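S.K.:
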Amino acid sequence: DTAVSQTPKYLVTQMGNDKSIKCEQNLGHDTMYWYKQDSKKFLKIMFSYNNKELIINETVPNRFSPKSPDKAHLNLHINSLELGDSAVYFCASSQDPTQETQYFGPGTRLLVL
Amino acid sequence: GDSVTQMEGPVTLSEEAFLTINCTYTATGYPSLFWYVQYPGEGLQLLLKATKADDKGSNKGFEATYRKETTSFHLEKGSVQVSDSAVYFCALQYSGAGSYQLTFGKGTKLSVIP
């Protein structure tokens, strides 16, 4: 069974479009995260939700809006996509915000043309 | 702010060679330190961790020791295998002021050839 899953795995789209990436975890965790990995492999946190509430919101453009319909899901919606949004986006989860071990999904590779 | 610096890759080794991937950190407090591994086409997995000075984390033949005096957490393995080919990320988590987020290094790609 996949612990943290993301869809789609690959996403190719035009500049200006709106797209969503979905994430689901079946670990029963309370906390979920979105990370962005740029072309240089640098991995940086974007958002974190705990029990459906936003607890970490790093300096990310307003075009990025996370949504957590329930504890097991954290989706990422991106409006007006730009070339610089091209990256791999990783979802992760942990038991709660204080737990050091995070479990990562396989990533969504986004390419904006 | 907190930061992690890893040695630049890629690193290419022959099977059974000794591996060292250097990692140093900057943090205002006493962070926990981690090594995560990303195999091709997969997400990151926790490889090992250490939560206080002089702790040694170990897993799958990999080891790293938390060195507070040199602010380092170098990853080592005595004899690498082809299956160890992956990208390795050093990370820290600082729990001061209620913040528990992970800060990652840029990753080091390891290729092991038969």
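Quick note, the sequences are listed as chains A and B, same order.
Remember, the working numbering sits 83 above the position in the first sequence when you count from 1.
Remember, the working numbering sits 3 above the position in the second sequence when you count from 1.
Quick reminder that beta carbons are idealized off the backbone N, C-alpha and C, glycines included.
If you're wondering where the values come from, they're calculated on a predicted model, not measured in any experiment.
1. Give me the Cα-Cα distance between residue 30 of chain B and residue 9 of chain B, rounded to the nearest whole angstrom.
2. So, for residue 133 of chain A: in the same chain, excluding its five sequence neighbours on each side, which residues have a beta-carbon less than 6 angstroms away from its beta-carbon?
3. Anyone know if the C-beta pair for residue 103 of chain A and residue 160 of chain A falls short of 7 angstroms?
4. Below 9 angstroms on C-beta distance, what does residue 183 of chain A contact in chain B?
5. So for residue 81 of chain B, helix, strand or coil by DSSP?
6. Would you list the one or two residues that DSSP bridges to residue 162 of chain A?
7. Kindly list, in the order they appear in chain A, the residues whose Cβ is closer than 8 angstroms to that of residue 90 of chain B.
8. I'd like to know if the stretch 175–191 of chain A and the stretch 43–56 of chain B are in contact, where contact means that at least 3 CB-CB pairs between them fall below 8 angstroms.
9. Tell me, please, whether the CB atom of residue 109 of chain B is closer than 7 angstroms to any CB atom in chain A?
10. Drop a sphere of 10 angstroms on the beta-carbon of residue 81 of chain B, count the other beta-carbons inside from all chains shown, and report buried for 16 or more, exposed for fewer.
11. At a Cβ threshold of 7 angstroms, is residue 11 of chain B touching chain A?
12. Would you mind giving the Cβ-Cβ distance between residue 116 of chain A and residue 175 of chain A, rounded to the nearest angstrom? I have them listed as a contact below 8 angstroms.
M.R.: This is what the structure gives:
1. Cα-Cα distance, rounded: 15 angstroms.
2. If we look at residue 133 of chain A and ignore the five residues flanking it on each side, its Cβ neighbours are 113, 114, 180.
3. The Cβ-Cβ distance between residue 103 of chain A and residue 160 of chain A falls below 7 angstroms.
4. Within chain B, the residues near residue 183 of chain A are 35, 37, 49, 52, 54, 96, 98, 103, 105.
5. Coil.
6. Paired residues: none, contrary to the question.
7. Chain order gives the chain A residues near residue 90 of chain B as 124, where near means a beta carbon separation below 8 angstroms.
8. These segments touch.
9. Taking 7 angstroms as the CB threshold, residue 109 of chain B lines the interface with chain A.
10. Exposed is the call here.
11. Answer no: the Cβ-Cβ gap between residue 11 of chain B and chain A never drops below 7 angstroms.
12. About 4 angstroms; that satisfies the 8 angstroms criterion.
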